[in-house]
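Undergrad: So the mapping is simple: my numbering equals the position in the sequence shown, first residue as 1, plus 112.
Note that the Cβ used here is the ideal one computed from N, Cα and C, for glycine as well.
Just so you know, these numbers come straight off a predicted model, no measurement behind them.
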Amino acid sequence: MENTNWKKNQQGGYLSYRINVTYLGNEEPKYHVLKNPDGDGWVIGVFNGLIGGEYVPLEEAGGEPMIFPTAEEAKNYIDLK
């Protein structure tokens, strides 16, 4: 059964509608799972309204982006948060 909290976008990434944030009066998905632009795997973007409503990478404690081998693993990480 498909998880209805996630919607695939035109770029092949996934937006989570389980947790939303308000930005300029609109509800926006807080998390975006997308292909790693710097190589293999998938990364999680977190919505940041302070920089114009862009998604910034979710990072580990050392400042490195968290990279997942599959989109499903990245989505599961968010769903379990």
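Who are Glu171's beta bridge partners in DSSP?
TA: Answer by DSSP bridge pairing, in chain order: Pro177.
Undergrad: Within the same chain, show all residues whose beta-carbon is closer than 7 Å to that of Ala183, passing over the 5 residues directly before and after it, in chain order.
TA: So the list reads Tyr126, Val145, Trp154, once near-sequence residues are dropped.
Undergrad: Go ahead and label Ile190 buried or exposed: buried means 16 or more other beta carbons lie within 10 angstroms of its beta carbon, across all protein chains shown.
TA: Buried.
Undergrad: Where does Lys120 fall in DSSP's three states?
TA: Strand.
Undergrad: Taking the alpha-carbon of Lys147 as reference, which of Asn117, Lys193, Asn121, Leu192 has the nearest alpha-carbon?
TA: Among Asn117, Lys193, Asn121, Leu192, the Cα nearest to that of Lys147 is on Asn121.
Undergrad: For the candidate residues Pro149, Gly164, Ile179, whose alpha-carbon lies nearest to that of Gly124?
TA: It is Pro149 whose Cα lies nearest to the Cα of Gly124.
Undergrad: Identify, in the order they occur along the chain, each residue of the same chain with its Cβ nearer than 8 Å to the Cβ of Lys187, setting aside the five sequence neighbours on each side.
TA: Closer than 8 Å at Cβ, skipping near neighbours: Asn115, Trp118, Tyr126, Ser128, Val145.
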